[in-house]
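Data block below; observations after.
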Amino acid sequence: MLALGVGAVVAVAGIGLLQLIHLITNLAFRGEFSWHEAPATFSHFGWPAIFVPAAGGLVIGLVARFAAPEVSGHGIPEAMQGVMVNQSRIPLRVAILKPLATALSIGTGGPFGAEGPIIATGGGIGSLFGQWIPHSPAERKVMLAAGAAAGMTAVFGTPLAGVLLAVELLLFEFKARSLLPVAMAAGSAMAVRGLLDQPFPMLPLPAPDAPGPVIAAGAVVIGLVCGAVGAGMTVALHRIESLYERLPFPRMGWPAIGGLLVGLIGWLDPRTLGSGYFNLRALLDGDMVVSAIATLAVLKFLSWSLYLGSGTAGGTLAPVMTVGGTTAALVAHALILLPPFNDLPIGIAALIGMAAVFAGMSRAFLASVAFAFEATHSTSTFGPLLLGCAFAVLISRVLMKESIMTEKLARDGVRVPEDYEPDLFATTPVSAVMNRNPLTVSPSLLLSDLLVKAGDEADPLSKPRIFPIVGEDRILRGIISRSDLLEVIHSDRETQVEEVALREPHVIHPDESLAEAADRMLLHGIGRLPVVERGAPPVLVGLITRKEILDVRRRRLQDELGPGLSPRLASRRRPA
Numbered sequence: 175m176l177a178l179g180v181g182a183v184v185a186v187a188g189i190g191l192l193q194l195i196h197l198i199t200n201l202a203f204r205g206e207f208s209w210h211e212a213p214a215t216f217s218h219f220g221w222p223a224i225f226v227p228a229a230g231g232l233v234i235g236l237v238a239r240f241a242a243p244e245v246s247g248h249g250i251p252e253a254m255q256g257v258m259v260n261q262s263r264i265p266l267r268v269a270i271l272k273p274l275a276t277a278l279s280i281g282t283g284g285p286f287g288a289e290g291p292i293i294a295t296g297g298g299i300g301s302l303f304g305q306w307i308p309h310s311p312a313e314r315k316v317m318l319a320a321g322a323a324a325g326m327t328a329v330f331g332t333p334l335a336g337v338l339l340a341v342e343l344l345l346f347e348f349k350a351r352s353l354l355p356v357a358m359a360a361g362s363a364m365a366v367r368g369l370l371d372q373p374f375p376m377l378p379l380p381a382p383d384a385p386g387p388v389i390a391a392g393a394v395v396i397g398l399v400c401g402a403v404g405a406g407m408t409v410a411l412h413r414i415e416s417l418y419e420r421l422p423f424p425r426m427g428w429p430a431i432g433g434l435l436v437g438l439i440g441w442l443d444p445r446t447l448g449s450g451y452f453n454l455r456a457l458l459d460g461d462m463v464v465s466a467i468a469t470l471a472v473l474k475f476l477s478w479s480l481y482l483g484s485g486t487a488g489g490t491l492a493p494v495m496t497v498g499g500t501t502a503a504l505v506a507h508a509l510i511l512l513p514p515f516n517d518l519p520i521g522i523a524a525l526i527g528m529a530a531v532f533a534g535m536s537r538a539f540l541a542s543v544a545f546a547f548e549a550t551h552s553t554s555t556f557g558p559l560l561l562g563c564a565f566a567v568l569i570s571r572v573l574m575k576e577s578i579m580t581e582k583l584a585r586d587g588v589r590v591p592e593d594y595e596p597d598l599f600a601t602t603p604v605s606a607v608m609n610r611n612p613l614t615v616s617p618s619l620l621l622s623d624l625l626v627k628a629g630d631e632a633d634p635l636s637k638p639r640i641f642p643i644v645g646e647d648r649i650l651r652g653i654i655s656r657s658d659l660l661e662v663i664h665s666d667r668e669t670q671v672e673e674v675a676l677r678e679p680h681v682i683h684p685d686e687s688l689a690e691a692a693d694r695m696l697l698h699g700i701g702r703l704p705v706v707e708r709g710a711p712p713v714l715v716g717l718i719t720r721k722e723i724l725d726v727r728r729r730r731l732q733d734e735l736g737p738g739l740s741p742r743l744a745s746r747r748r749p750a
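Under my numbering, the first residue of the sequence shown carries the number 175, and numbering increases by one thereafter.
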């Protein structure tokens, strides 16, 4: 129920942020009080409008310096940091100031999309719900991810992509306890979005005939090129950030410098200003000439990287998709000169490039494919999108250790999961690995005899740490550990073991999982558990220790390494 409420609230907040961006754009570049979407231009104020982005950057720098440093950045990495480092806690001031700073940045010409900050804002709202109403850190993470998915849904009308993005970049798990609330939040946001009459689909693309081998081959080429372009964009952004570090100016003035550069580039080509959703629609139409495509690709990249590197607030999805779409369109124009590719659709190629660049830079493969489909409703592009995004991620993983989303976290020593695999401990029952013939003792055995029996083991590593005490029909009467035995070694050795045994030990059943066994050991500070049948009386059927649990992981590691491959060599082969 909370997830449904979060989805509705985030949808209203996200669409309200879009309207605020439109208002600021109209005020800053047209002097009009209007809520309608319109591109930033110089037609009203002329060349002095070059300084509008710099003014917006100056305000953002002051906010970051004196109010909330967290407003800097492009949204999603900050949400990831909240999950990985801060137990999914996002302060109230960040949830308020981040969207306002973003609206000011984009509204004054910043070449960003609103999706990243709205995702961060949605995550902040979900986190606040999780803080105001008592939740565990795991539940609070689910609420944060639900808000983030609702935020992406509110901007683009892509609920499935929002859910998959939350799974791949925030949840790092695929469980019903987290997937269902996130899906409900995205569905709720989609319903509210429809009530508020938002465009749907946001980037319509007429579905062509069923794609054949020509489009498939073109998608592979586009994916390879866009994967390399995405890696280059990521490296360039980090280099620009390091260059700003060398400036002899206070950090709060960097966004103003970046904004001035944005204004100058915008004077050369006003299409680089603002979120640029108009550019995405024009690329999908496929009618843009080659010179206009090349100019937009270069200048949009420069504007985005120079401003984002300065530490301002803004999203990456829209500008990255613009660069990816223009790159793919240029590749398609080159391919159609070859006889096999004469009929390659430029609009389809641009769509593949949009998704492929974002997939390569973020490693959110499934979310990228789902987004391209949902935003366009072009069902026939599924196959080419899978090819393009897959090859882009492949090249990205070869060229980059970290994605644009995880680079800063990795610098701080935070490891972000990339792969999702079944939990071996959760899927392996205790009965599969337990010791079925543990050393047991009789209740009437004397301590002196047990001392002799315990010392008979030749290998000290194989000496049992606990001794289950069983009566007739192997009914468990208690346990005595080696430490218990050492404590009573100086007492009456003629005492029977049952008199000093632990009568009601913690046990596990054979049909329970190794994960449950490990949890029980951790909770109670023990390393071994008797395995008993369900029901009464408890009949001993085995013993499980930490060694048997770790042996399962060892066998899995051997399966992955293959014959003749050492763990050290395998660690070099695995992607970082």
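Every residue gets a Cβ at the ideal spot worked out from N, C-alpha and C, and that includes glycine.
Quick caveat: nothing in here was measured; it's all calculated off a predicted structure.
Report yes if the C-beta distance between residue i and residue j is below 8 Å; otherwise report no.
i	j	result
Met528	Met407	no
Val713	Asp647	yes
Thr199	Gly448	yes
Pro375	His196	no
Gly716	Arg610	yes
Thr215	Phe203	yes
Ile396	Ala523	yes
Ala360	Gly336	yes
Pro227	Gly437	yes
Val531	Gly404	yes
Leu458	Leu525	yes
Pro684	Met608	yes
Val505	Val399	yes
Ile264	Gly220	no
Leu604	Ala691	The displayed chain sequence assigns Val, not Leu, to residue 604. Taking 8 Å as the Cβ cut-off, Val604 and Ala691 qualify as a contacting pair.
Leu491	Glu289	yes
Ser570	Gly709	no
His698	Glu581	no
Which of helix, strand or coil does DSSP assign to residue i?
i	result
Thr327	helix
Gly386	coil
Thr282	coil
Asp633	Confidence at Asp633 is low in this model, with a pLDDT of 41, below 50, so its placement is unreliable and no value can be given for it.
Gly450	coil
Gln372	coil
Val644	strand
Val615	strand
Ala212	coil
Asn200	helix
Ala584	helix
Val487	The question names Val, but residue 487 is Ala in the sequence shown. In the structure shown, Ala487 sits in a strand (DSSP, three-state: E or B).
Arg651	strand
Ile270	helix
For the putative contact between residue i and residue j, defined by C-beta atoms under 8 Å, what is the C-beta separation to the nearest angstrom?
i	j	result
Val316	Ser352	5 Å
Ile292	Ala328	6 Å
Arg694	Ile640	Not quite, the Cβ-Cβ distance comes to about 14 Å (not below 8 Å), so this is no contact.
Ser362	Gly181	3 Å
Ala538	Leu339	6 Å
Gly235	Ala430	6 Å
Asp597	Ala689	6 Å
Gly325	Met364	The Cβ separation is near 12 Å, so there is no contact.
Leu377	Ile189	The Cβ separation is near 17 Å, so there is no contact.
Ala390	Gly557	7 Å
Using 8 Å as the limit for Cβ to Cβ distance, is residue i near chain D?
i	result
Val543	Among the protein chains of the structure shown there is no chain D, as only one such chain exists.
Does residue i pass the burial test, meaning 16 or more other C-beta atoms within 10 Å, or should it be called exposed?
i	result
Val464	exposed
Tyr481	buried
Met175	exposed
Val669	The residue you asked about is not Val; residue 669 is Thr in the sequence shown. Classification for Thr669: exposed.
Trp428	buried
Asn516	exposed
Ile654	buried
Val183	buried
Ser217	exposed
Arg751	Past the edges of the chain, shown from 175 to 750, lies residue 751, and the structure says nothing about it.
Val572	exposed
Phe303	buried
Pro311	exposed
Leu278	buried
Requested in this report: Could you tell me which uninterrupted alpha helix (DSSP H) segments, each at least 4 residues in length, are contained entirely in the region 534-580, listed from first to last along the chain?
Outcome: 539-550, 556-573
Requested in this report: Within the region 696-735, note down every full beta strand (DSSP E) run reaching 3 residues or more, in order along the chain.
Outcome: 702-706, 714-719
**Report entry** 3 or more residues per run - each beta strand (DSSP E) lying fully within the region 299-355
**Finding:** Qualifying beta strand (DSSP E) stretches: none in this window.
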